[in-house]
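Report on the following structure.
In UniProt numbering, the protein residues as written are 1 to 208.
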């Protein structure tokens with residue numbers, strides 16, 4: 001599915017998601033991958049997110065969503081030939097979230113993801129509000145950078161952070177925008193619109 005993840009998503013107030021049950025479903029969704037690899041990755045995703053906020057009420061569901069994204073990247077049969085863009089920032093709570101959300105909302109045949117080198121627990125409220133004002137949902141929660149998502153990206157866009165080691169054939173861009181943390185709502189709207197311009201330029205370059 002373009003622009004989205006295929007993980008199981010619960011609703012607020014649902015019973016906690018069982019990681020073992022989720023792993024079984026993800027094994028079925030990725031028959032070309034080793035079942036042990038899938039199960040290990042699901043539990044590893046929980047460990048990564050627990051290191052950020054072990055007490056989050058939706059930790060299990062977030063772990064399943066992160067694992068689903070990692071498995072989609074690892075599985076070569078998922079969306080072959082579709083360009084993938086990774087937006088990378090320090091906390092993954094602002095600029096990179098805006099960019100990912102705007103690509104997804106564009107409807108372009110491009111798979112967008114975002115991550116942080118030192119992610120925090122929640123997306124900035126001002127960023128979520130700025131997206132909601134233009135009818136765009138923000139893509140979930142801040143995520144750590146994982147090797148599966150990084151290695152599958154065709155384009156890695158860094159935003160106020162250093163680029164990670166890249167593989168042959170990967171392209172990198174650095175977008176220099178102001179960190180939205182501490183900015184007022186008007187400044188965040190301006191930032192959103194400036195990022196939208198760069199997103200549109202990137203999509204045009206990718207032929208979308």
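We treat Cβ as the ideally placed atom computed from N, Cα and C, and that holds for glycine.
Check                                                                                                                                  : Outcome
If we call anything under 8 Å between Cβ atoms a contact, is residue 68 one with residue 26?                                           : yes
Give the straight-line distance between the Cα atoms of residue 85 and residue 171, rounded to the nearest whole angstrom.             : 10 Å
What do you reckon, are the CB atoms on residue 129 and residue 160 nearer than 8 Å?                                                   : no
By Cβ distance, which residues of its chain are closer than 6 Å to residue 154, with the 5 residues on each side in sequence left out? : 83 and 84
Tell me whether the beta-carbon of residue 119 lies closer than 8 Å to the beta-carbon of residue 147.                                 : no
Provide the residue span of the alpha helix (DSSP H) that contains residue 40, from first to last.                                     : 35-53
Rounded to a whole number of angstroms, what is the C-alpha to C-alpha distance between residue 96 and residue 114?                    : 6 Å
Can you tell me where the beta strand (DSSP E) holding residue 190 begins and where it ends?                                           : Note, residue 190: premise wrong, no beta strand (DSSP E); alpha helix (DSSP H) at 185-205.
Between residue 30 and residue 75, how many whole angstroms is the CB-CB distance? I'm expecting something under 8 Å.                  : 5 Å
Put residue 173 into one of helix, strand or coil per three-state DSSP.                                                                : strand
Beta-carbon separation of residue 101 and residue 157 under 8 Å?                                                                       : no
Would you identify the three-state DSSP class for residue 139, choosing helix, strand or coil?                                         : coil
What's the gap between the Cα of residue 19 and the Cα of residue 53?                                                                  : 17 Å
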